[in-house]
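To keep things clear, I will list the structure first and then write my remarks on it.
Residue numbers (our numbering): 2 to 328.
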């Protein structure tokens, strides 16, 4: 994990986002890069962090992260833990807001929430037309403080879709602020950041960009992959032409010197992009090398294209590998 690339990417994100606050998305172990280490190395420059679930937020607190942490997925089972670890909860229903209020009362504390708005993705969130009434009810809760309002572009690369969602979100923002006062409003993840500062509002939530990749092709921004995957070379051998190699019926067309490396689909890589035949679960065959270690993945986007997957899938599939961090 190249920490210098991570920090350069964050500088580029700040350049593109302008004055918007930066909420770094470190869910799913920071897309496979190690959430605790990524957060520790960006905490001075970030304003807050976002995770998927309470467990991930608690892990950041235990790792010494003190900046605000937003739990993105609404859940009705983790309120107590969230309050213990001072996490901010996404809320998508009045029932959940009231349950948080009850638990916070028992803790003799005040919970912080961000209200989720459904602008068209249809996963979670209040309908835009329901925001006035919902915000009014949330304002009455004594043990809940709404500090943010957010939504998510389902396709930031499509201007018409983006503008429609943005317009809906601005409508929700207006009615929410009338009832709740000042709120940190955010809709842009990595794709929205690339689409322009107009969509940045109060904060942006970069995820994929931080790790060196764009969610869609565009000229804007210059980012460098943070992760490379290396594997140890276990042994080398000569295999005659006409002989089989690895599983299946693959036959070498001619004599080759090959090396067997400790990297296969059990590590999270695809079985379909090995240099010679498919990967096995724990090993692959490559052209002969005298190196002790070789790079088996330098670019997750290229790996994804070669095996018909998404860059996100490739990165998060590697999260259980041991990591070495270098500046």
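Even for Gly, the Cβ is constructed at its ideal location relative to N, Cα and C.
Between the CA atoms of residue j and residue i - distance to the nearest angstrom
i	j	result
residue 186	residue 51	14 Å
residue 83	residue 89	7 Å
residue 101	residue 80	6 Å
residue 190	residue 110	31 Å
residue 143	residue 198	36 Å
residue 304	residue 173	40 Å
residue 161	residue 87	38 Å
residue 180	residue 136	6 Å
residue 282	residue 248	10 Å
residue 182	residue 140	9 Å
residue 267	residue 288	21 Å
residue 209	residue 280	27 Å
residue 25	residue 265	31 Å
residue 128	residue 171	13 Å
residue 19	residue 6	20 Å
residue 290	residue 244	20 Å
residue 112	residue 323	36 Å
Supposed contact pair residue j and residue i - C-beta distance, whole angstroms, cut 8 Å
i	j	result
residue 145	residue 114	6 Å
residue 91	residue 118	With a Cβ gap of about 11 Å, residue 91 and residue 118 do not count as contacting.
residue 195	residue 215	6 Å
residue 231	residue 295	7 Å
residue 157	residue 213	With 8 Å as the limit, residue 157 and residue 213 do not qualify as a contact, their Cβ atoms being about 18 Å apart.
residue 120	residue 152	4 Å
residue 262	residue 233	7 Å
residue 4	residue 326	6 Å
residue 148	residue 95	The pair is not a contact, with the Cβ atoms about 17 Å apart (cut-off 8 Å).
Cross-strand partners of residue i (DSSP beta bridge)
i	result
residue 186	150
residue 87	In the DSSP output, where bridge partners are listed per residue, residue 87 has none listed.
residue 291	Beta-bridge pairing links residue 291 to no other residue.
residue 36	Note: residue 36 sits in no beta bridge, so no partner.
residue 144	Partner(s): none; residue 144 has no beta bridge.
Sub-8 Å separation of residue i and residue j beta-carbons
i	j	result
residue 298	residue 2	no
residue 225	residue 9	yes
residue 235	residue 284	yes
residue 125	residue 93	yes
residue 66	residue 44	yes
residue 221	residue 237	no
residue 150	residue 116	yes
residue 132	residue 168	no
residue 14	residue 48	no
residue 46	residue 60	no
Residues near residue i in its chain [Cβ-Cβ closer than 7 Å; skip 5 each side]
i	result
residue 254	242
residue 310	271
residue 21	201, 202, 203, 204, 205
residue 29	53, 317, 320
residue 106	144
residue 122	153, 155
residue 104	80, 81, 84
residue 69	49, 89
residue 178	184
Residue i: CB within 7 Å of a non-hydrogen atom of the ligand FMN
i	result
residue 296	By its list of ligands, the structure shown contains no ligand whatsoever, and the ligand FMN lies outside what it can speak to.
Contacts around residue i, its chain only, beta-carbon distance under 6 Å, and the 5 residues preceding and following it disregarded
i	result
residue 33	316, 317, 319, 320
residue 39	27, 31
residue 271	308
residue 269	318, 319
residue 62	86
residue 219	195
Residues near residue i by beta carbon distance below 8 Å, same chain, minus five either side
i	result
residue 246	240, 252, 253, 259, 277, 278, 286
residue 293	233, 234
residue 41	64, 65, 66
residue 163	154, 156, 157, 193, 196, 200
residue 17	194, 195, 198, 221, 222
residue 138	95, 98
Cutoff 8 Å: residue i Cβ touching any chain B Cβ
i	result
residue 282	In the displayed structure, chain B is absent; only one protein chain is listed.
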